[in-house]
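Heads up, the sequence shown is in full-length UniProt numbering, so the first residue is 1 and it goes up one at a time. We treat Cβ as the ideally placed atom computed from N, Cα and C, and that holds for glycine. Nothing here was measured: the structure is a model prediction, and the numbers come from that model. Have a look at the structure below before the remarks.
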Amino acid sequence: MLEKTKLYTKIVGYALLFLWTEVRLAVRATIVRRQALWLGSSTAEERTRNIVIVGASFAGYRVAHVIARSLPPRSPYRVIVVEPNSHFQFTWVLPRFCVVKGHEHKAFVPYGGYMAGAPEGSYRWIKDKVADIDQATVKLQDSDEAIPYEILVVATGSGVRDGLPSRVNATDKLDGMKLLQGMQNRIEAARTVVVAGGGAAGVEVATDAKALYPDKHIILIHSRAAVMHRFGQGLQAAAREGLERLGVELVLQDRVVNEDATSRAVALQSGRIITCDLFVNCTGQRPLSEVLSNLSPTSISSTGHIKIKPTLQIADDSLPNVYACGDVADTNTPNPNARSAMRQATVVAENILLAVAGKTPRHVYENLWADGAIKLTLGLDRSVTHLGDGTSEVLFRSKERDEALMSAMCWSRLGAKPFEDEYTDAHKAVIEADVNKA
Ligand SMILES: Cc1cc2nc3c(=O)[nH]c(=O)nc-3n(C[C@H](O)[C@H](O)[C@H](O)COP(=O)(O)OP(=O)(O)OC[C@H]3O[C@@H](n4cnc5c(N)ncnc54)[C@H](O)[C@@H]3O)c2cc1C
Ligand SMILES: NC(=O)c1ccc[n+]([C@@H]2O[C@H](COP(=O)([O-])OP(=O)(O)OC[C@H]3O[C@@H](n4cnc5c(N)ncnc54)[C@H](OP(=O)(O)O)[C@@H]3O)[C@@H](O)[C@H]2O)c1
1 MLEKTKLYTK
11 IVGYALLFLW
21 TEVRLAVRAT
31 IVRRQALWLG
41 SSTAEERTRN
51 IVIVGASFAG
61 YRVAHVIARS
71 LPPRSPYRVI
81 VVEPNSHFQF
91 TWVLPRFCVV
101 KGHEHKAFVP
111 YGGYMAGAPE
121 GSYRWIKDKV
131 ADIDQATVKL
141 QDSDEAIPYE
151 ILVVATGSGV
161 RDGLPSRVNA
171 TDKLDGMKLL
181 QGMQNRIEAA
191 RTVVVAGGGA
201 AGVEVATDAK
211 ALYPDKHIIL
221 IHSRAAVMHR
231 FGQGLQAAAR
241 EGLERLGVEL
251 VLQDRVVNED
261 ATSRAVALQS
271 GRIITCDLFV
281 NCTGQRPLSE
291 VLSNLSPTSI
301 SSTGHIKIKP
311 TLQIADDSLP
321 NVYACGDVAD
331 TNTPNPNARS
341 AMRQATVVAE
351 NILLAVAGKT
361 PRHVYENLWA
371 DGAIKLTLGL
381 DRSVTHLGDG
391 TSEVLFRSKE
401 RDEALMSAMC
411 WSRLGAKPFE
421 DEYTDAHKAV
431 IEADVNKA
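Structural data, given as structure tokens:
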């Protein structure tokens, strides 16, 4: 009981810290906006010193948002964001939209709104991929341009080879929507579906598929003794209960070692062969740190993460101007997620604002247990939220009424009106034709 009381007190403390940070940043952005109105701001041409941010998802987009809105209006610095995706890709809803039809456009949020209020000239957005980085420049893949930088942020996140349900693996919204529709159709057409990996992605896609199609045979194969094994026992039990309630067949302590698309046979380490119509890979992601492999190979750990100092400068004393945050950074976060990525991003932004003012970066990132909180859907109409500090854990069970989950909230928080998108309007005919074909 005492442990639980302590936990609730800590939850309140964490919420207050979050609110305080947001208020502080909003007040500073308002002051900068006012100063820009009264005194004017440096033009893009006058801002010759670049802070380059590689990747604009939860981590990179947040760094860009905080810095561009906080730089003094007369600053010679500007933010340059390099991101290949046409839209912000909202990972949280991908497992759901791989199963349920009609919402796929909501997973792609127009970029731009989150930068609202940043003074004119304070940032430039480049839709491209960084191919390589040297001591002074960032080389772009498509345009062949080399962008000089004084300060660099690597926020390239993590990825998977097979794409959905974990990642889209397409840069364009329309292509991404088609990939989601393709997965929905394959699940609808399959009688037996094998899902490999009992982390959050595997559990969510398996429970959604079984909830929507109760007559299908859905098999979830997980390497460990319990699904969601990285979390507390309460969540492990709740996830198992959710799978069993729906009738998902659970195979534990076994691994998928091979899957043959032609014979549709999935081979397990135990020797068991399962024939299925569809194999869905949810076996986890890897950090995308290759961009640093020439500039600072020693900063890349054996897991592929970027080694960092507590200030989130990379662990390379010769490069104090290079930072990393989010999934790609080796922060020892127990459950790397959007919350921890955004908190790291705030630390990076604050340190860069000190550096451009000629001061020493002094903000440090510490893992807070509440960063690891997770909301796990267990079918179309319910979810469980888990918070644990290693000693104690609490679970909140909720009814889920919105099939699109937190899409609308994500759009609003990123400064976009749900679900208005000029891009979708411009491609309306193609989108409608695809939906009718499906
Ligand atoms: C299926 C799924 C569901 C999830 N659900 C939740 C959830 O409900 N709640 C939660 O908190 N977390 C959730 N997560 C975790 C969360 O999505 C990640 O922790 C978060 O996306 C990390 O953000 P990031 O910015 O570090 O990296 P990413 O989101 O991986 O983004 C990296 C960005 O960098 C860009 N990039 C990569 N390489 C380059 C390059 N060479 N040049 C330029 N740009 C590049 C990419 O295009 C991308 O936009 C989920 C993850 C998955 C896979
Ligand atoms: N609702 C949410 O908040 C949400 C939803 C989805 C994802 N996420 C987050 O996104 C990240 C990625 O999630 P994820 O579910 O894609 O990956 P994950 O958490 O790494 O889970 C994948 C699991 O698959 C197991 N596995 C690996 N290879 C296997 C094989 N061949 N056969 C059977 N099992 C195998 C892994 O265990 P081993 O260690 O034994 O290899 C691992 O536990 C995580 O941080 C996760 O928390 C969050």
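Is the CB-CB distance between residue i and residue j below 7 Å?
i           : j      : result
Val63       : Val153 : yes
Phe90       : Met342 : no
Gly170      : Leu179 : The displayed chain sequence assigns Ala, not Gly, to residue 170. Yes. Within cutoff.
Gly304      : Ser289 : yes
Val209      : Asn281 : Here residue 209 turns out to be Ala, not Val, going by the sequence shown. Contact flag unset, no.
Val328      : Tyr77  : no
Ala200      : Leu376 : yes
Val93       : Ala116 : no
His386      : Phe231 : yes
Ala56       : Glu83  : yes
Ala315      : Ser299 : yes
Leu220      : Leu250 : yes
residue 472 : Cys98  : Lying outside 1 to 438, the shown extent of the chain, residue 472 is not represented and no answer is given.
Which of the three DSSP states, helix, strand or coil, is assigned to residue i?
i           : result
Thr156      : coil
residue 495 : Here the chain comprises residues numbered 1 to 438, so residue 495 is not present and cannot be evaluated.
Asn50       : strand
His105      : helix
Leu7        : helix
Pro110      : strand
Glu393      : strand
Gly388      : strand
Tyr123      : strand
Tyr14       : helix
Asp330      : coil
Arg28       : helix
Glu188      : helix
Glu259      : strand
Gln285      : coil
Ser299      : helix
Thr275      : strand
Val291      : helix
Leu319      : coil
Arg78       : strand
Alpha carbon to alpha carbon, what distance is there between residue j and residue i?
i      : j      : result
Leu354 : Ile67  : 11 Å
Gly40  : Ser75  : 11 Å
Pro310 : Asn321 : 14 Å
Ser412 : Pro418 : 7 Å
Asp128 : Thr424 : 20 Å
Ser293 : Phe18  : 34 Å
Val248 : Trp125 : 45 Å
Glu420 : Leu268 : 45 Å
Asn337 : Val205 : 18 Å
Val52  : Ile352 : 11 Å
Leu243 : Val203 : 8 Å
Pro95  : Thr156 : 21 Å
Asp132 : Lys139 : 5 Å
Thr346 : Ala29  : 14 Å
Ala136 : Tyr149 : 6 Å
Glu241 : Arg161 : 30 Å
His229 : Ala239 : 10 Å
Taking the continuous beta strand (DSSP E) assigned at residue i, which residues delimit it?
i      : result
Leu354 : Careful: Leu354 lies outside any beta strand (DSSP E), inside the alpha helix (DSSP H) at Ala338 to Val356.
Trp250 : In the sequence under discussion, the amino acid at residue 250 is Leu, which differs from the Trp named in the question. Per DSSP, Leu250 belongs to the beta strand (DSSP E) from Glu249 to Val251.
Tyr423 : No beta strand (DSSP E) contains Tyr423, which is instead part of the alpha helix (DSSP H) from Glu422 to Ala426.
Val376 : Before going further, note that residue 376 is Leu rather than Val in the sequence given. From DSSP, the beta strand (DSSP E) with Leu376 extends over Ile374 to Thr377.
Arg413 : First-last for Arg413: Ser407 to Arg413, but that is the alpha helix (DSSP H), not the beta strand (DSSP E).
His363 : His363 -> no beta strand (DSSP E), and no H or E assigned at all.
Ala131 : Val130 to Ile133
Asn281 : Leu278 to Asn281
His87  : His87 to Gln89
Leu220 : His217 to Ile221
Lys139 : Thr137 to Leu140
Ile314 : That residue, Ile314, is in no beta strand (DSSP E); it is neither H nor E in DSSP.
Ala225 : Per DSSP, Ala225 belongs to no beta strand (DSSP E) and is neither H nor E.
How would you write the range of the alpha helix (DSSP H) that residue i sits in, first residue to last?
i      : result
Arg65  : According to the sequence shown, residue 65 is His rather than Arg. Looking at the DSSP string, the run of the alpha helix (DSSP H) that includes His65 is Phe58 to Ser70.
Val205 : Ala200 to Leu212
Arg240 : Gln233 to Leu246
Phe97  : Leu94 to Phe97
Three or more C-beta pairs under 8 Å: does that hold for the region 174-188 against the region 257-268? no
Do the region 88-108 and the region 397-404 meet, that is, are 3 or more Cβ pairs less than 8 Å apart? yes
With a cut-off of 8 Å, do at least 3 Cβ pairs link the region 211-221 to the region 362-382? yes
Any chance the region 365-372 sits against the region 37-56, with 3 or more Cβ pairs inside 8 Å? no
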